[in-house]
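Quick mapping for you: the protein sequence lines, in order, are chains A and B.
Counting in my numbering, the first sequence runs from 9 upward without gaps.
Counting in my numbering, the second sequence runs from 9 upward without gaps.
From the three backbone atoms N, C-alpha and C, an ideal C-beta is built for every residue, glycine too.
Notes to accompany the following structure.
Number of protein chains: 2
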Amino acid sequence: MKTKKLASVPTIKRLPLYLQIVENAHKEGKEFISGTIIAEELELEPIQVRKDLAITGIVGRPRIGFPVAQLITCIHEFLLWDKEHSAIVVGAGSLGSALMGYDELKKRGMRIQAAFDSDPAKIGRTINGVPVFAMNDIAQEASRLGSELAILTVPPDVAQTVAEQLTSAGIYAIWNFTNTKLKLDEDIVVQREDLSSGYAMLSVRMKLRLNQT
Amino acid sequence: MKTKKLASVPTIKRLPLYLQIVENAHKEGKEFISGTIIAEELELEPIQVRKDLAITGIVGRPRIGFPVAQLITCIHEFLLWDKEHSAIVVGAGSLGSALMGYDELKKRGMRIQAAFDSDPAKIGRTINGVPVFAMNDIAQEASRLGSELAILTVPPDVAQTVAEQLTSAGIYAIWNFTNTKLKLDEDIVVQREDLSSGYAMLSVRMKLRLNQT
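Here is the structure:
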C-alpha cells in the first residue's frame with residue numbers, strides 16, 4: 009500500500025510525543041497548554057508543533073493555547089487509539105516477549121490476544137499474560153480471535169512464509185520487526201520497524217561528536 | 009546536541025536498508041548493482057537512492073551501477089560501522105535482553121560488554137552471553153570497561169537519574185528506549201527510540217485502509 013493520502017510521516021511519528029506531554033499536563037491539572045511549551049519540551053519550533061497538531065483538528069486559542077483534555081481526545085481519535093486493535097505476536101522470543109509486556113502499547117489500544125512460536129517449551133505457556141500457541145495453529149486461532157494485526161518477530165528466513173499464512177488467516181496489517189522486506193498484496197498494511205535505522209542515526213551523531221571534540 | 013551538520017535524517021535511516029540489499033547481492037556473487045534495482049526492492053524512486061548513496065562517497069558507473077564490495081565499505085565507513093562501539097545495556101528486562109541477543113547490532117560493530125539491573129535475581133548471571141551487574145556498579149564498571157554508549161531500557165521514572173550517572177561515568181551517547189525525554193548536557197548524544205511512533209504510523213495506515221475498503 010502506497011502512503012498516498014497520508015499526513016506527513018514525521019508529523020504522525022511526533023504525535024505520540026505530543027500526546028505524552030499533554031497527558032502529563034493533564035495529570036498536573038492543567039487546562040491549557042501552549043504550542044510554545046510543547047515545542048520547548050521537545051526542542052522543536054513552535055510553528056512546527058502548531059502545524060503538526062492542526063492535522064488532528066484541534067483548535068488552539070490565541071495566547072492561551074490548546075485545551076488539554078480535548079487535545080488528548082483529538083490525538084487519540086486521529087491515531088485511532090480510542091479504538092481497540094486486536095493483535096497477535098508471531099515469534100515469542102525475547103523481542104516478542106518484550107512487546108507483549110510493553111504497557112505503552114496496551115495504553116494505546118493494542119490488545120495482544122495470543123502469541124505463536126515453534127518452540128515446544130513455550131507452547132501452552134503464558135508470557136506476560138499472553139497465551140502461546142503452536143505456529144501451526146496460526147490460521148485457526150487468528151481467524152477464531154478475529155485478529156487484525158500481527159506483530160512479526162520471527163527469524164528473517166521464515167518471515168515471508170509466515171506473513172503469507174497471516175494474511176490468509178485474515179490479518180490485514182503486519183508490524184514487521186524482522187529484517188526482511190515482505191512482498192504481500194498491496195492492500196496489506198506492512199509497517200517495518202528497523203532498529204538498525206536508529207542505530208545508524210546514533211552512530212553518525214557519535215561520529216560527528218568525535219569529530220567536533 | 010542539535011542535528012546541525014547532519015546529512016538528511018531520512019537518508020541516514022535508509023542506509024541500513026541499502027546495506028542489507030547490497031550485502032545480499034554480494035553473497036550472490038554480484039559485482040555491480042544498479043540504483044534502479046535497489047529502488048525497486050525498497051519501493052523508492054531511483055533518483056532518491058542515487059542521491060542517498062552519494063553521501064557515502066560512492067561513485068556509480070553509468071549503465072553498470074555501483075561496485076558492490078566498495079559500496080558496502082562506503083556505507084560501513086559512513087556509519088562508522090567499520091569500528092567497534094563499546095556499549096552497556098542499562099535495564100536487563102525483556103527489551104534489554106532482546107537487544108543483547110540482537111545479531112544485527114553485533115554485525116554492525118556494537119559490542120555489548122555488560123548489563124546492569126537492580127533485580128538481585130539477575131545480578132551475577134549472564135543473559136545472551138552478557139554479564140549482568142548491579143545498578144550501583146554502573147559508575148565503576150562503565151569507567152573500567154571504557155564504554156562509549158549506553159542502551160537505556162530502565163523504567164521511565166528512573167531514566168533521568170540513571171542517565172546522569174551514565175554521563176558521570178564517561179558515557180557520551182545514550183540510545184534511549186525509555187519513554188522519557190532526557191535533559192542532559194548538549195554534548196551528550198541522545199538518540200530516542202520510540203516504538204509508539206511506529207505504532208502511530210501503523211494505526212493511521214490501518215485507519216486509511218479501513219476507510220478505503
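Is the shortest distance between the beta-carbon of residue 140(B) and the beta-carbons of chain A less than 9 Å? no
For residue 163(A), which option in 213(A), 189(A), 212(A) and 86(A) has the closest C-alpha, if you only look at C-alpha atoms? 189(A)
Any C-beta of chain A under 9 Å from that of residue 94(B): no
Coarse secondary structure for residue 10(B), derived from DSSP in three states: Note that residue 10(B) scores a pLDDT of 41, beneath 50, so its modelled location is shaky and nothing firm can be said.
So is the beta-carbon of residue 137(B) under 8 Å away from any non-hydrogen atom of the ligand ADP? Among the components modelled here there is no ligand, and therefore nothing to report on the ligand ADP.
What residues match up with residue 134(B) in a beta bridge as DSSP calls it? 139(B)
Residues near residue 20(A) by beta carbon distance below 7 Å, same chain, minus five either side: none
What's the call for residue 43(A), buried or exposed, on a 16-neighbour Cβ count within 10 Å? buried
Residue from 123(B), 149(B) and 143(B) whose Cα sits closest to the Cα of residue 137(B): 123(B)
Using a C-beta cutoff of 9 Å, does residue 223(A) count as contacting chain B? Absent from the model: residue 223(A). The displayed extent of chain A is 9 to 221, so no value can be given.
For a minimum of 4 consecutive residues, which ranges assigned as the alpha helix (DSSP H) are wholly contained in the stretch 44 to 110 of chain B? 54 to 62, 76 to 87 and 102 to 108
Endpoints, alpha helix (DSSP H) assigned at residue 29(B): 17 to 35
Considering only the alpha carbon of each residue, which of 34(A), 65(A) and 108(A) lies closest to residue 161(A)? 108(A)
Suppose you measure from the CA of residue 205(B) to the CA of residue 133(A); what does that come to, to the nearest Å? 30 Å
Here's the rule: buried if 16 or more other CB atoms are within 10 angstroms of the residue's CB, otherwise exposed. What is residue 154(A)? exposed
In whole angstroms, give me the CA-to-CA distance for residue 40(A) and residue 34(A). 9 Å
Provide the residue span of the alpha helix (DSSP H) that contains residue 170(B), from first to last. 164 to 176
Tell me whether the stretch 201 to 218 of chain B and the stretch 79 to 97 of chain A touch, counting them as touching only if at least three CB pairs, one residue from each stretch, are closer than 8 Å. yes
Exposed or buried, which one is residue 60(A) when buried takes at least 16 other CB atoms within 10 Å? buried
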